[in-house]
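Participant:
In my numbering, the protein residues as written are 20 to 272.
1) When we look at the beta-carbon of residue 28 and count the other beta-carbons within 10 Å, is it buried (16 or more) or exposed?
2) For residue 177 and residue 56, I'd like the C-alpha separation in whole angstroms.
3) Are three or more beta carbon pairs between the region 81-95 and the region 55-71 nearer than 8 angstroms?
4) Rounded to whole angstroms, how far is the Cβ of residue 170 from the Cβ of residue 113, which I believe are closer than 8 angstroms?
5) Hey, quick one: how far does the alpha helix (DSSP H) through residue 166 stretch, first residue to last?
6) Counting only runs that start and end within the region 49-90, where is the alpha helix (DSSP H) found for 4 or more residues in a row?
7) Could you tell me if the beta carbon of residue 98 falls within a distance shorter than 7 angstroms of some heavy atom in the ligand COA?
8) Kindly list the residues whose CB is nearer than 8 angstroms to the CB of residue 24, restricted to its own chain and excluding five residues on each side of it in sequence; keep chain order.
9) Does DSSP put residue 95 in a helix, in a strand, or in coil?
10) Give me the Cβ distance between residue 111 and residue 211, rounded to the nearest whole Å; I'm assuming they're in contact under 8 angstroms.
11) Give the straight-line distance between the Cα atoms of residue 186 and residue 204, rounded to the nearest whole angstrom.
12) Is the CB-CB distance between residue 199 and residue 172 below 8 angstroms?
13) Hey, could you find the ends of the alpha helix (DSSP H) residue 35 is sitting in?
14) Taking the continuous alpha helix (DSSP H) assigned at residue 16, which residues delimit it?
15) Measure the CB-CB distance between residue 54 and residue 30 and report whether it falls below 8 angstroms.
16) Among the candidates 71, 180, 61, whose CA atom is the shortest distance from the CA of residue 219?
17) Between 51, 103, 244, which has its C-alpha nearest residue 167's C-alpha?
18) How about residue 175 and residue 132: are their beta carbons less than 8 angstroms apart?
19) For residue 88, does the count of other Cβ atoms within 10 angstroms reach 16, so buried, or fall short, so exposed?
20) Compute the Euclidean distance between the alpha carbons of residue 126 and residue 135, then round it to the nearest angstrom.
21) Return the first residue and the last residue of the alpha helix (DSSP H) that residue 114 is part of.
22) Use the C-beta contact count for residue 32: other C-beta atoms within 10 angstroms, 16 or more gives buried, fewer gives exposed.
23) Taking 8 angstroms as the threshold (C-beta atoms), are residue 190 and residue 105 in contact?
24) Could you tell me if residue 206 is buried or exposed, where buried requires 16 or more neighbouring beta carbons within 10 angstroms of its beta carbon?
25) Between which residues of its own chain and residue 39 is the CB-CB distance below 8 angstroms, once the five residues before and five after are set aside?
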């Protein structure tokens, strides 16, 4: 916690701004974590603490956007329950796995994970406002998507919103607004399990996490309204710009 007490007001202002933008992007299509993690690493936060604190603050933004999507009728919770159940088990396994890695190894792996998420987002199909025919049965989606989203969310996390939304879109044929909305409860559940494990392990910087959480909530609230009104016209550019920006940052670092 001392590392954050020594931060200046300007640094806290930067973290609040990053939290707000991250919440806004996550509410629309996911990928906001691609902004949070590099900033925290740039500020000198150890990799495992950056991952843990980033997930902590992201939970609140995702909860906010989930509530707003549900209130506006975009989420059907009943069919999501098996996906959530599968996801939380996989999340616990992923979080435990990342806690076993050395700081040096994790530090070297993070850029490759971020580049992989950027490429996945860039080349993923069906980023539009139209529903499509599902490509797999829902029972297989539960295991495939639930397990993948859960383990990835526990082990790493940044970009989970984009990965989850694109899973619903490409595998179940949901339009992107519907996919983004229904992915949110799964992401919330996965992240809560992961955050609880990280807190128990003493890896979350609560002071900064709580401060950024307030900014996340505000950004998420505004993001949901933009997503519902503007759809893929806003979602597609945000996904592309976010992933290109983080990829360039990694290449030029």
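Where is the CB? At the ideal position from N, CA and C, for every residue including glycine.
Facilitator: Reading it off the structure:
1) If you number the chain shown from 1, residue 28 lands on position 9. Flag for residue 28 reads exposed.
2) Here residue 177 refers to the residue found at position 158 of the chain shown. Here residue 56 refers to the residue found at position 37 of the chain shown. Approximately 7 angstroms, taken between the alpha carbons.
3) no
4) Here residue 170 is taken as the residue at index 151 of the chain shown, counted from 1. Here residue 113 is taken as the residue at index 94 of the chain shown, counted from 1. Confirmed, Cβ separation roughly 4 angstroms.
5) Here residue 166 refers to the residue found at position 147 when the chain shown is read from its first residue. Element bounds for residue 166: 157-174.
6) 52-61, 66-90
7) For the ligand COA, the structure offers nothing, since it holds no ligand at all.
8) On the chain shown, residue 24 is found 5 positions in, with the first residue counted as 1. Here residue 24 scores only 45 on pLDDT, less than 50, and its place in the model should not be relied on; the value that follows carries that caveat. Within the same chain, residue 24 has close Cβ partners 226.
9) Numbered from its first residue, the chain shown carries residue 95 at position 76. Of the three classes helix, strand and coil, the one that applies to residue 95 here is coil, per DSSP.
10) On the chain shown, residue 111 is found 92 positions in, with the first residue counted as 1. On the chain shown, residue 211 is found 192 positions in, with the first residue counted as 1. Rounded, the Cβ-Cβ distance is 11 angstroms, inconsistent with contact.
11) Against the chain shown, residue 186 aligns to sequence position 167. Against the chain shown, residue 204 aligns to sequence position 185. About 14 angstroms.
12) In the chain shown, counting from the first residue as 1, residue 199 sits at position 180. In the chain shown, counting from the first residue as 1, residue 172 sits at position 153. No; because the gap between Cβ atoms is not below 8 angstroms, this pair is not in contact.
13) For the purposes of this step, residue 35 is identified with residue 16 of the chain shown, where counting begins at 1. Residues 28-47.
14) Lying before the first or after the last residue shown, residue 16 is absent from the chain, which here runs from 20 to 272.
15) Within the chain shown, the letter at position 35 stands for residue 54. Within the chain shown, the letter at position 11 stands for residue 30. Not in contact: residue 54 and residue 30 (Cβ atoms no closer than 8 angstroms).
16) Residue numbering aside, residue 219 sits at position 200 when the chain shown is read from its first letter. For residue 219, the nearest C-alpha among the options comes from 71.
17) As a first step, residue 167 is located in the chain shown; it is residue number 148 there, counting from the start. Measuring from the Cα of residue 167, the nearest candidate turns out to be 103.
18) What you label residue 175 is simply residue 156 of the chain shown in a count that begins at 1. What you label residue 132 is simply residue 113 of the chain shown in a count that begins at 1. For residue 175 and residue 132, yes; Cβs fall inside 8 angstroms.
19) Residue numbering aside, residue 88 sits at position 69 when the chain shown is read from its first letter. Under this definition residue 88 is a buried residue.
20) Taking the chain shown and counting its residues from 1, the one referred to as residue 126 is at position 107. Taking the chain shown and counting its residues from 1, the one referred to as residue 135 is at position 116. Residue 126 and residue 135: Cα-Cα distance of roughly 15 angstroms.
21) As a working note, residue 114 is residue 95 in the chain shown. Note, residue 114: alpha helix (DSSP H), 100-118.
22) Here residue 32 refers to the residue found at position 13 of the chain shown. Exposed: under 16 other Cβ atoms inside 10 Å.
23) Position 86 of the chain shown holds residue 105. Position 171 of the chain shown holds residue 190. Against a cut-off of 8 angstroms, the Cβ pair of residue 190 and residue 105 comes out as no contact.
24) One-based indexing of the chain shown puts residue 206 at position 187. The residue in question, residue 206, is buried, as its Cβ has 16 or more Cβ neighbours within 10 Å.
25) Here residue 39 is taken as the residue at index 20 of the chain shown, counted from 1. Contacts found: 234, 235, 237, 238.
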